[in-house]
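Below: the structure, in structure tokens.
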Amino acid sequence: MNIFAVFGLNVSITGMAAACIEGSLNHLVTTKLFDGDDPNKMDPRQKIFRDFIRDKVELDGGWAKSQQFFRLAFDCTVQDVVGSPLNQALDHLNTIRNSTAHGSNIVFPDTPLPDSAADVYPYSWQKRLSRCSGYLDSVLSSKGLTNHLQTPELGFHWWKIIADSSAAFISRFGDCEGTRFFKQIVSFNPGYRWSPPQKSGTV
Numbered sequence: 076m077n078i079f080a081v082f083g084l085n086v087s088i089t090g091m092a093a094a095c096i097e098g099s100l101n102h103l104v105t106t107k108l109f110d111g112d113d114p115n116k117m118d119p120r121q122k123i124f125r126d127f128i129r130d131k132v133e134l135d136g137g138w139a140k141s142q143q144f145f146r147l148a149f150d151c152t153v154q155d156v157v158g159s160p161l162n163q164a165l166d167h168l169n170t171i172r173n174s175t176a177h178g179s180n181i182v183f184p185d186t187p188l189p190d191s192a193a194d195v196y197p198y199s200w201q202k203r204l205s206r207c208s209g210y211l212d213s214v215l216s217s218k219g220l221t222n223h224l225q226t227p228e229l230g231f232h233w234w235k236i237i238a239d240s241s242a243a244f245i246s247r248f249g250d251c252e253g254t255r256f257f258k259q260i261v262s263f264n265p266g267y268r269w270s271p272p273q274k275s276g277t278v
């Protein structure tokens with residue numbers, strides 16, 4: 076097995092999985108905000124405001140912001156919908172995604188930085204990546220963040236997380252335009268080792 080090829084695939088799958096769940100959530104929010112609006116009956120100022128809000132939600136990216144917009148639109152949190160285990164897994168997914176996407180953040184000290192170094196840039200990333208590594212230790216057969224990024228299990232795990240989360244959103248909000256992209260995630264089969272998503276919001 077070419078571990079470098081697997082690493083590259085895992086980075087790609089991690090980024091794609093994070094983008095899919097974030098984009099699906101944003102679509103659900105914008106559908107809620109603009110449900111029933113007829114652009115043909117809007118004056119120019121209303122159209123500008125509508126486009127501004129839509130772009131703010133869909134383009135002002137980041138998992139944390141997407142969760143904030145969702146809470147404002149539905150008066151509940153992502154955790155309320157998917158449950159605590161899946162919510163934590165989604166947070167870990169996005170931490171790994173940010174680390175791999177921004178390059179230098181994936182590098183963290185071999186020797187843990189002491190709490191006295193809390194003002195040093197790598198300290199907060201060390202804490203977050205350490206929590207991610209501990210989580211992945213508990214769900215994958217590999218141990219340690221470096222090994223997790225080199226195992227084919229990782230990509231399948233992330234896809235299962237977003238598929239199970241999507242199933243929870245569909246269960247909560249039903250079969251509607253807002254859940255259209257969640258349904259596509261659930262119906263996608265990433266490979267022959269794939270098992271269907273769970274119906275409940277659990278890992």
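All the letters of the sequence shown, read from the start, carry residue numbers 76 to 278 under this note's numbering.
Glycine included, each C-beta is placed from N, C-alpha and C at the ideal position.
Requested in this report: Just mark Cys151 as buried or exposed, buried being the case when its beta carbon has 16 or more other beta carbons within 10 Å.
Outcome: exposed
Report task. Taking Glu97 as part of the alpha helix (DSSP H), name the residues at either end of that continuous run. Result -> 78-109
Report task. Go to Leu165, then tell me how far its alpha helix (DSSP H) extends in each direction, as first and last residue. Result -> 159-176
Query raised in the report: Helix, strand or coil: which one does DSSP assign to Thr277?
Result: With a pLDDT of 42 at Thr277, under the threshold of 50, the predicted position of this residue should be treated as unreliable, though the coordinate-derived value follows. If DSSP states are grouped into helix, strand and coil, Thr277 belongs with coil.
Query - Delimiting residues of the alpha helix (DSSP H) encompassing Asp250 - result: No alpha helix (DSSP H) holds Asp250; DSSP gives it neither H nor E.
Requested in this report: Could you say which of Asn101, Val81, Asn162 lies nearest to Phe149 if we only look at CA atoms?
Outcome: Asn101
Query raised in the report: Would His223 pass as a contact of Leu204 if the rule is Cβ separation under 8 Å?
Result: no
Query raised in the report: Excluding the five sequence neighbours on either side, which residues of its own chain have a C-beta within less than 7 Å of the C-beta of Thr254, listed in chain order?
Result: Leu103, Phe244, Ile245, Phe248
Report task. Could you tell me whether the region 154-163 touches the region 116-132, where touching means 3 or more Cβ pairs closer than 8 Å? Result -> no
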